[in-house]
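Residue numbers (my numbering), protein chains in the order written: chain A, 4 to 409; chain B, 4 to 409. These notes concern the structure reproduced below.
Number of protein chains: 2
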Amino acid sequence: MKPWHVLNTALLAACSLIFSTTPAWSQTCDIGLRGTGDLGIVIERASGSLLIVEHSSDRRLCRVEGLGDLSHASATYSRDARYAYIFGRDGGLTKVDILTGKIVKRIIQGGNSIGGAISQDGSLIAVSNYVPGGVKIFNSTDLSLIADIPATIQPGEAHTINTQSKTVGLVDAPGQKFIYSLFDGDATWIADLSKPDQPQLTKLNQIGRQPYDALISGDGRYYIAGLFGEDGLAMLDLWHPEKGVKRILPQYGRGLEKLPVYKMPHLEGWAVAGDLIFLPAMGLHQVLIVNKNTWEETSRIELKGQPVFAMARPDGRQVWVNFAYPDNNWIQVIDVPSMSVVKTLDVGKGALHMEFTPRGEKVWISVRDEDQVKIFDTQTMSLIKTLNVEKPSGIFFSNRAGKIGL
Amino acid sequence: MKPWHVLNTALLAACSLIFSTTPAWSQTCDIGLRGTGDLGIVIERASGSLLIVEHSSDRRLCRVEGLGDLSHASATYSRDARYAYIFGRDGGLTKVDILTGKIVKRIIQGGNSIGGAISQDGSLIAVSNYVPGGVKIFNSTDLSLIADIPATIQPGEAHTINTQSKTVGLVDAPGQKFIYSLFDGDATWIADLSKPDQPQLTKLNQIGRQPYDALISGDGRYYIAGLFGEDGLAMLDLWHPEKGVKRILPQYGRGLEKLPVYKMPHLEGWAVAGDLIFLPAMGLHQVLIVNKNTWEETSRIELKGQPVFAMARPDGRQVWVNFAYPDNNWIQVIDVPSMSVVKTLDVGKGALHMEFTPRGEKVWISVRDEDQVKIFDTQTMSLIKTLNVEKPSGIFFSNRAGKIGL
Chain A
4 MKPWHVLNTA
14 LLAACSLIFS
24 TTPAWSQTCD
34 IGLRGTGDLG
44 IVIERASGSL
54 LIVEHSSDRR
64 LCRVEGLGDL
74 SHASATYSRD
84 ARYAYIFGRD
94 GGLTKVDILT
104 GKIVKRIIQG
114 GNSIGGAISQ
124 DGSLIAVSNY
134 VPGGVKIFNS
144 TDLSLIADIP
154 ATIQPGEAHT
164 INTQSKTVGL
174 VDAPGQKFIY
184 SLFDGDATWI
194 ADLSKPDQPQ
204 LTKLNQIGRQ
214 PYDALISGDG
224 RYYIAGLFGE
234 DGLAMLDLWH
244 PEKGVKRILP
254 QYGRGLEKLP
264 VYKMPHLEGW
274 AVAGDLIFLP
284 AMGLHQVLIV
294 NKNTWEETSR
304 IELKGQPVFA
314 MARPDGRQVW
324 VNFAYPDNNW
334 IQVIDVPSMS
344 VVKTLDVGKG
354 ALHMEFTPRG
364 EKVWISVRDE
374 DQVKIFDTQT
384 MSLIKTLNVE
394 KPSGIFFSNR
404 AGKIGL
Chain B
4 MKPWHVLNTA
14 LLAACSLIFS
24 TTPAWSQTCD
34 IGLRGTGDLG
44 IVIERASGSL
54 LIVEHSSDRR
64 LCRVEGLGDL
74 SHASATYSRD
84 ARYAYIFGRD
94 GGLTKVDILT
104 GKIVKRIIQG
114 GNSIGGAISQ
124 DGSLIAVSNY
134 VPGGVKIFNS
144 TDLSLIADIP
154 ATIQPGEAHT
164 INTQSKTVGL
174 VDAPGQKFIY
184 SLFDGDATWI
194 ADLSKPDQPQ
204 LTKLNQIGRQ
214 PYDALISGDG
224 RYYIAGLFGE
234 DGLAMLDLWH
244 PEKGVKRILP
254 QYGRGLEKLP
264 VYKMPHLEGW
274 AVAGDLIFLP
284 AMGLHQVLIV
294 NKNTWEETSR
304 IELKGQPVFA
314 MARPDGRQVW
324 VNFAYPDNNW
334 IQVIDVPSMS
344 VVKTLDVGKG
354 ALHMEFTPRG
364 EKVWISVRDE
374 DQVKIFDTQT
384 MSLIKTLNVE
394 KPSGIFFSNR
404 AGKIGL
């Protein structure tokens, strides 16, 4: 077992007093008795802090500091929607109480982590690591280590000389499972944590070269990994793992220059609207539309830039798209019934992340370079409100607590 | 505007002190600071009360009394998941704070109500009424009346002599809309509440004889009404209301004896699993399987009794079915990949209602005649726990707050 460190920041991390011109801004984080169904967090990537927010009246509630390196941070929620677990780039795993603004516990669990997930029953937190490779499983209550699953690859099994693979694309799936991929091992592993201290591993090898990210469909059935080392995508039907991993969309990426890995599309940016998947094209100013019954591309839509995220509104009737630099001030809205772009918005430089309210009437957009979160009415596609936030990136609303794969 | 009455029960309705053999049972309802993501309510239909429950550790927290006639009661949640709105058979609309167990407000808004819904933005509560017919719209904060929409039908427009129709099948839909049907008017109406005090009505007439109940698909797109007066179902694609209402499944009900309306299947009992809909057959010991891309029946599965509810586990991999008397002690579990019954459980007499936890690892089942709620692990299909509840019926977990149509 690798050593891991508990930072004694829990008691020190009461919310900081901060100054703001916004009158509604609370100077302490003791939010008090209230429902947690309309709360959320916004990651402030540069300052290692986050804001607790509320999307009924579109307000910031308070700031929590001391979260370490939050570039590319992600988050998940406890099943009671009170606690957010923040996965930091520095290997930090932090449990934040969004009703008090306190850090309940913070540990450094690895050297370079890139994502995590919570188990179906809410009892376990899994974190995937680059350095060292592998996945660690923690008790969600006190963040004590329950299992350490190295991603050991045998010589000859892969194309590199590593013996511990980077792990990527970690998601939860029904049946107390976590699914993830081995970048250096060309593999997807299924870890069944039904008995938490005795993980049962199913290893699917030779899925394709260098899986770099993955997604799971909203019903927890399809796990799809993007491949850095070759064209196409690797799809696993978790209802039929015995059928193995299939290559789909073999043209995906074909004929293009090799991109650095940080320019590869985020797979969690896939939008599923009914039977259609809207997939950011790789290196092109297009979104690809794929029928999920056949896994074949049916059409493409031309866009203003190279898409990063294509996010479906919860009812699947619109898909909102943001773009890579230098077009990262634009947001385009695709109307699904007509399969056309119906709105192009200039929201300001650095539009990084979008999060819809649970029933989809609003969308919050992080605009990093403007230090703002902009909130739009999705029906009129007009700006409702602007919040001041320091270098905002990921926005995570608490209804994720009840969603498979989030 | 019809008169409506405010009952001064709010201040009197603190939780009752009750006695129980269960040690974890709280004697007061002051639940205190906690997340609301894993809370729920169980209707106690005979005593006009409800239990506040918690599904992380499967506990009863406390009882709230004074809710009137709760036979066939339903409920919806505020967008912060703190308040439950209970729609009683006696026309009562009660707002309950599930963190304090207090009745915030209770009104008698009609003579005989059968259901309600909350608007997409959470600001409005709509209630549909039998007597008098029509729909009333209330402010979700204080339950003040905002709009009263009579369901007036013109002589000759319908097949009865009523001038106010019973309203049924009320659901919310994206765009601040409520959709409902007129039993006596053979119509489906769309009420757009974007301007709450000026509802815009779209009336679709001659949809079929005597719509008696309806459902909306989880994405808020398809509204489907059951017909008491003739065979088949009336389907409206809300993305294309200009195309009108189509008749689907024309064989549904055909060739069978006319059933009394209370024996008609509950339409909210339809299970959608991927592209397949599992639909309780009318008067037969079968579930019908319908492809939602073609709206045609693809197969049937034989069951142990006449199904009432067919509920899909959130991942769509299982469908749990309960049955009408005299088979209402059985629950059957259909495995979707193999399209076969994999488990038959005797849970006790009066198995009325099922509710899955948000990610589907457990299901709670009301067993009325045993005064119990039984909780099953959906993976092993084995009993986890039994709770004592007086004549339980509907179970409503708070994650409904974030779901279209619930």
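Just so it is clear, CB atoms sit at the ideal spot from N, CA and C, and this is done for glycine as well. Computed from a predicted structure; not experimentally measured.
- Message: Nearest by alpha-carbon distance to residue 38(B): which of 47(A), 45(A), 86(A) and 74(A) is it?
- Response: 86(A)
- Item | Whether residue 335(B) touches residue 324(B) by CB criterion (8 Å) | yes
- Message: Strictly under 8 Å for the Cβ-Cβ distance: is residue 298(A) near chain B by that measure?
- Response: no
- Of all Cβ atoms in chain B, is any one closer than 8 Å to the Cβ of residue 39(A)? yes
- Query: DSSP on residue 25(B), reduced to helix/strand/coil?
  - Reply: Caution is warranted here: a pLDDT of 42 is assigned to residue 25(B), below 50, making its placement in the model unreliable, and no coordinate value can be reported.
- Query: Where DSSP assigns a beta bridge to residue 32(A), which residues make up the other side?
  - Reply: The bridge partners DSSP lists for residue 32(A) come to none.
- Message: Using DSSP's beta-bridge definition, name the partner residues of residue 381(B).
- Response: The partner list for residue 381(B) (beta bridge, DSSP) is empty, contrary to what the question assumes.
- Query: If you measure beta-carbon to beta-carbon, which residues of the stretch 339-373 of chain A are closer than 7 Å to chain B?
  - Reply: 340, 361, 362, 363 and 364
- Query: Can the beta-carbon of residue 284(B) be found closer than 8 Å to that of residue 290(B)?
  - Reply: Result yes, Cβ atoms of residue 284(B) and residue 290(B) sit closer than 8 Å.
- Message: I'd like the ranges of any beta strand (DSSP E) spanning at least 3 consecutive residues and lying wholly in the stretch 94-169 of chain A.
- Response: 95-100, 105-111, 115-121, 127-134, 137-142 and 148-152
- Item | Neighbouring residues, chain A, relative to residue 223(B) (Cβ below 9 Å) | 317, 318, 319, 320, 362 and 363
- Residue span of the beta strand (DSSP E) that contains residue 328(B), given as start and end: Careful: residue 328(B) lies outside any beta strand (DSSP E) and carries neither H nor E.
- Between the CA atoms of residue 65(B) and residue 54(B) - distance to the nearest angstrom: 6 Å
- Message: So if DSSP puts residue 336(A) in a beta bridge, which residue, or which two residues, is it bridged to?
- Response: 323(A) and 346(A)
- Item | Outcome for residue 232(B) when other beta-carbon atoms lying within 10 angstroms are tallied against a minimum of 16 | exposed
- Query: Got a sec: is the Cβ-Cβ distance from residue 242(A) to anything in chain B below 8 Å?
  - Reply: yes
- Query: Can you check whether the CB of residue 242(A) is closer than 8 Å to the CB of residue 340(B)?
  - Reply: yes
- Item | Minimum Cβ-Cβ distance from residue 465(A) to chain B less than 8 Å | Nothing can be reported for residue 465(A), as the shown portion of chain A is limited to 4 through 409.
- Item | Selection from 251(A), 136(A) and 312(A) that minimises the alpha carbon distance to residue 413(A) | What is shown of chain A runs 4 to 409, which leaves residue 413(A) out entirely.
- Item | Residue of 133(B), 52(B) and 329(B) minimising C-alpha distance to residue 188(B) | Of the candidates 133(B), 52(B) and 329(B), the one whose C-alpha sits nearest the C-alpha of residue 188(B) is 133(B).
- Query: Is it a yes or a no for the stretch 119-137 of chain B touching the stretch 49-63 of chain B, going by three-plus beta-carbon pairs under 8 Å?
  - Reply: no
- For the beta strand (DSSP E) that contains residue 214(A), what are its first and last residues? 214-219
- Item | Where residue 404(A) sits in the DSSP three-state scheme | Residue state, collapsed to three classes: helix.
- Message: Check whether the stretch 379-397 of chain B and the stretch 193-206 of chain B touch, using three or more Cβ-Cβ pairs below 8 Å as the test.
- Response: Flag = no, the stretch 379-397 of chain B and the stretch 193-206 of chain B do not touch.
- Can a CB atom of chain A be found closer than 8 Å to the CB of residue 27(B)? Interpretation of residue 27(B) is limited by its pLDDT of 48, a score under 50 that renders its predicted location unreliable; the figure taken from the coordinates is listed afterwards. With 8 Å as the cut-off, residue 27(B) does not count as an interface residue toward chain A.
- Task: Quick one: list the residues of chain A neighbouring residue 407(B), beta-carbon separation under 7 Å, in chain order.
- Result: Near residue 407(B) (Cβ distances below 7 Å), the residues of chain A are 317, 318 and 362.
- Task: Could you pull out every residue in the same chain whose Cβ sits closer than 8 Å to the Cβ of residue 224(B), ignoring the five residues on either side in sequence?
- Result: 240, 241 and 242
- Message: Quick check on DSSP: helix, strand or coil for residue 63(A)?
- Response: strand
- Message: Against residue 202(A), what residues of chain B qualify as contacts under a CB-to-CB distance less than 8 Å, listed in chain order?
- Response: Within chain B, no residue comes near residue 202(A); the closest Cβ sits about 16 Å away, beyond 8 Å.
- For the beta strand (DSSP E) containing residue 314(B), list its first residue and its last residue. 310-315
- Task: Compare the C-beta of residue 82(A) against all C-beta atoms of chain B and say whether one is closer than 8 Å.
- Result: yes
- Message: Less than 8 Å between CB atoms is the rule here; does residue 145(B) satisfy it with respect to chain A?
- Response: It does not: the Cβ of residue 145(B) has no partner Cβ on chain A nearer than 8 Å.
- Item | Residue nearest to residue 390(A) in terms of C-alpha spacing, selected from 375(A), 71(A), 326(A) and 226(A) | 375(A)
- Task: Note down the Cα distance separating residue 280(B) from residue 221(B), rounded to an integer number of angstroms.
- Result: 12 Å
- Simplified DSSP state of residue 177(B), which is helix, strand or coil: coil
- Got a sec: which bits of the stretch 47-73 of chain A sit with their beta carbon under 9 Å from any beta carbon on chain B, in order along the chain? Those would be 57, 58 and 59, in chain order.
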